[in-house]
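Structure first, commentary second.
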Amino acid sequence: MDLGATTNVATLSGAAVTATYTESGYSAAALRNGVVAEKAWSNWRPGTKNTSETLTVTLPASRAVTSVKLHFWRDGANTSWAQTVRVETRSSSGTWVAASGEVTVTAASSGNPVVEVPIAATTTDAVRVVLTPYANGYVTAGELEVYAQP
Ligand SMILES: [Ca+2]
């Protein structure tokens, strides 16, 4: 048995993804439809952009979560991915606990940036990713994966 094997539990029946804000016409729910390369979710808005955004994945049951992987979407020529992200897990008492430090997102000159944040295996029924956009920037993403031990 491979104790290192993990599976994406965000796509399980009964899981859900919500966002603190979603641009009209886009959907946080589409961050768990299994399609990685798409403009599923956007937090663009006219005028002043949000300086922080949070994506929350709730699971149908507690799992030992080991990493979170967020696939951003490169929206034309815009820097449409977060500058940094951090991961938090929900404790059994319902409080959010830091599971990582601030992780800088690196991006190649083309293609959709991806950030994967490994965490110490934590049994939890909800995970959230706090995004810090670039100054005056916005974020678009295709898929949010949460890996857990089987
Ligand atoms: Ca998707």
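According to our numbering, the stretch in the sequence shown is residues 888 to 1037, in order. Virtual Cβ for every residue (Gly too), placed ideally from N, Cα, C.
Taking the Cα positions, glutamate 910 is about 30 Å away from arginine 950.
In the DSSP assignment, glycine 1029 falls within the beta strand (DSSP E) that extends over 1027-1035. Per DSSP, the beta bridge partners of glutamate 1003 are Lys956. Distance from the Cα of threonine 945 is smallest, within the candidate group Thr976, Ala917, Asn930, Tyr913, for Thr976. For arginine 1015, the secondary structure class from DSSP, reduced to helix, strand or coil, is strand.
Burial state of asparagine 930 is buried, judged by a 10 Å Cβ sphere holding 16 or more other Cβ atoms.
The C-alpha of alanine 915 lies about 18 Å from the C-alpha of lysine 936. A residue is called buried when at least 16 other Cβ atoms come within 10 angstroms of its Cβ; glutamate 1003 does not meet this threshold and is exposed.
By alpha-carbon distance to valine 984, the top candidate from Thr893, Gly934, Asp1012 is Asp1012.
In the three-state reduction of the DSSP assignment, arginine 919 falls in the helix class.
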